[in-house]
Amino acid sequence: MNNPFVTNGYAGEHYFCDRVEETRSLIDLLTNGNNVALISPRRLGKTDLIYHCFDQSEIKDNYYTFLIDIYATSSLQDFVNALGRSIIDALKPFGKKALQRFLDVVASLRPDVTFDVFGMPSLGVSMGSIDKPEVSLDEIFKFLEQADRPCIVAIDEFQQIASYSGNANVEALLRTHIQRCRNANFVFSGSQRHLMDNMFTSPSRPFYQSVTLMNLKPLDLGVYRDFAVGLFNDAGKVLLPEVVDQVYRDFSGVTAYMQRLMNVLFMRTSEGDTCTVDMIDLAINYTLDMASDTYEALLRQIPEKQRNVFIAIAVEGEVENVTGGAFARKYRLPSTSSVNSAIKGLLAKDFITQAKSGGYQVYDKLFALWLRRYIDIK
């Protein structure tokens with residue numbers, strides 16, 4: 118690859134940093150009949166870890182693996198559609214026989230699938246009308262149970278089902294199907310800790326005590342430092358260790374942001390040259406400039422009262438008491454009830470997140486940096 122610091126998706130073991138212990142634990146749990154709830158803030162690498170596990174020979178050679186992202190779904194119908202598409206796409210490399218087995222069982226989806234003269238399947242865009250998602254879901258689970266290989270299904274941003282209409286029924290329905298399916302194990306990946314914890318640890322919820330909880334932490338600094346320095350060395354470039362240390366501190370060890378900055382630093386370092394600490398600010402400014410139009414558009418979309426609270430939190434970095442008088446006075450915010458309402462709206466849209474300490478932060482750390490620069494200019 119021209120640039121080994123991958124910023125979009127899983128590109129193979131060579132470009133994947135560490136997670137040796139987590140990979141081993143997740144594979145051991147899944148291959149021994151356990152379902153897993155994988156929880157961490159967004160951008161720490163949950164999805165890439167799942168793909169990395171799926172790419173290991175003991176999984177790849179013996180299981181069907183399916184990963185769906187339900188972040189954009191809002192109903193059981195959307196969920197079933199996404200699951201059906203994921204299964205069809207994953208089965209296509211196994212040829213006509215495997216795909217036909219799925220189509221024979223899941224008749225209600227009516228996907229647009231054709232076969233060329235060589236018997237290779239081709240999937241059209243249309244999945245057909247899902248008039249009765251409960252029926253289609255039942256058929257999908259029948260396929261999973263009857264598949265000629267054991268299956269692993271990973272559902273990314275699983276907390277999204279908590280926002281579905283008739284949520285309790287959806288959770289109970291999925292829990293019933295999963296409990297009865299002996300030929301498949303599941304990974305429930307989620308980024309909103311309070312929602313995920315409540316789903317799996319509250320006695321009143323259908324998924325209570327049905328999984329092994331696995332919390333993903335930031336990469337170890339020393340491990341990521343060796344990884345980054347090694348990739349520079351492989352390309353005939355030098356990366357000073359203190360550069361990695363500062364990037365790690367600046368972005369709290371969040372993988373996606375570190376990779377983004379290291380990608381730019383690698384791009385800006387010529388073969389035979391050395392990447393130094395004074396290049397970090399240049400890389401950050403370059404990254405923020407590239408994202409400026411997007412951030413401006415997002416900022417305009419936020420209602421005014423929410424926008425004011427959002428900017429205030431970004432400038433502070435982390436706010437423990439958002440309804441406190443000192444914070445409100447400092448940023449000329451309105452009443453406590455208005456701030457509370459703004460917080461709820463920003464949380465629902467994932468513009469801010471609540472840390473384990475209870476404080477509120479802007480979810481996108483680069484967005485927060487851009488806002489602080491924007492406020493300084495204006």
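Numbered according to the working numbering, the sequence shown terminates at residue 495, and the numbering increases by one at each position without gaps. Ideal Cβ placement from N, Cα and C applies to all residues, glycine included.
Unbroken alpha helix (DSSP H) run spanning residue i, endpoints
| i | result |
| --- | --- |
| Gly-201 | 193–208 |
| Ala-154 | Careful: Ala-154 lies outside any alpha helix (DSSP H), inside the beta strand (DSSP E) at 153–156. |
| Cys-134 | Segment: none, Cys-134 is in no alpha helix (DSSP H) and carries neither H nor E. |
| Asn-380 | 372–385 |
| Glu-175 | 174–177 |
| Ala-215 | 213–222 |
| Thr-164 | 163–171 |
Residues near residue i by beta carbon distance below 6 Å, same chain, minus five either side
| i | result |
| --- | --- |
| Phe-368 | Tyr-374, Met-375 and Lys-482 |
| Leu-378 | Val-364 and Ala-400 |
| Phe-122 | Gln-376, Met-379, Asn-380 and Phe-383 |
| Leu-146 | Val-153 and Thr-329 |
| Leu-416 | none |
| Thr-164 | Asp-273 |
| Tyr-448 | Ala-429 |
Contact under 7 Å by Cβ, residue i with residue j
| i | j | result |
| --- | --- | --- |
| Leu-155 | Met-331 | yes |
| Ala-301 | Val-270 | yes |
| Phe-258 | Cys-298 | yes |
| Leu-357 | Ala-345 | no |
| Thr-329 | Val-153 | yes |
| Asp-135 | Leu-336 | yes |
| Ser-225 | Val-252 | yes |
| Leu-333 | Leu-161 | yes |
| Gln-326 | Gly-307 | no |
| Val-223 | Glu-256 | yes |
| Val-360 | Val-394 | yes |
| Gly-476 | Val-436 | yes |
| Phe-133 | His-169 | yes |
| Val-456 | Leu-464 | no |
| Leu-254 | Val-197 | yes |
| Ala-459 | Lys-422 | yes |
| Lys-354 | Thr-386 | yes |
| Leu-193 | Pro-158 | no |
| Ala-352 | Leu-312 | no |
8 Å Cβ shell around residue i - same chain, five flanking residues per side excluded
| i | result |
| --- | --- |
| Lys-473 | Arg-310 |
| Pro-267 | Asn-179, Tyr-180, Tyr-181, Asn-300, Ala-301 and Asn-302 |
| Thr-140 | Leu-166, His-169, Cys-170 and Gln-173 |
| His-294 | Leu-254, Asp-255 and Phe-258 |
| Phe-349 | Val-355, Leu-356, Phe-383, Thr-386 and Cys-392 |
Same chain only: Cβ atoms within 7 Å of residue i, ignoring 5 sequence neighbours per side
| i | result |
| --- | --- |
| Asn-120 | Asn-380, Phe-383 and Met-384 |
| Ala-408 | Leu-483 and Trp-487 |
| Ala-431 | Val-479, Ala-485, Leu-488 and Arg-489 |
| Tyr-403 | Val-381 |
| Pro-323 | Glu-288, Ala-289 and Arg-292 |
| Ala-264 | Tyr-181 and Asn-300 |
| Gly-150 | Asn-302 |
| Thr-190 | Phe-196, Ala-199 and Gln-277 |
| Glu-262 | Cys-298, Arg-299 and Asn-300 |
Terminal residues of the beta strand (DSSP E) in which residue i lies
| i | result |
| --- | --- |
| Thr-393 | Per DSSP, Thr-393 belongs to no beta strand (DSSP E) and is neither H nor E. |
| Ile-185 | 181–186 |
| Val-479 | 477–479 |
(message) Please give me, in chain order, every unbroken run of the beta strand (DSSP E) with length at least 3 that falls completely inside the segment 238–311.
(response) Runs found: 238–240, 268–273 and 301–307.
(request) Report yes or no: do three or more beta-carbon pairs, one from the segment 205–214 and one from the segment 176–190, lie closer than 8 Å? (result) Contact holds: three or more Cβ-Cβ distances are below 8 Å.
(message) Which complete alpha helix (DSSP H) runs does the segment 310–369 hold, if anything under 4 residues is left out?
(response) Within the segment 310–369, the complete alpha helix (DSSP H) runs of at least 4 residues fall at 310–318, 338–351 and 358–367.
(message) Does the structure place the segment 419–426 close enough to the segment 462–473 that three or more beta carbon pairs sit under 8 Å?
(response) Yes: at least three Cβ pairs fall under 8 Å.
(message) Restricting to runs no shorter than 4 residues, where is the alpha helix (DSSP H) found entirely within the segment 393–445?
(response) 397–418 and 421–433, all fully within the segment 393–445.
(request) Report the residue ranges of all alpha helix (DSSP H) runs contained in full by the segment 445–489; include only those spanning at least 4 residues, in chain order. (result) DSSP assignment within the segment 445–489 yields the following whole alpha helix (DSSP H) runs of 4 residues or more, N-terminal first: 453–465.
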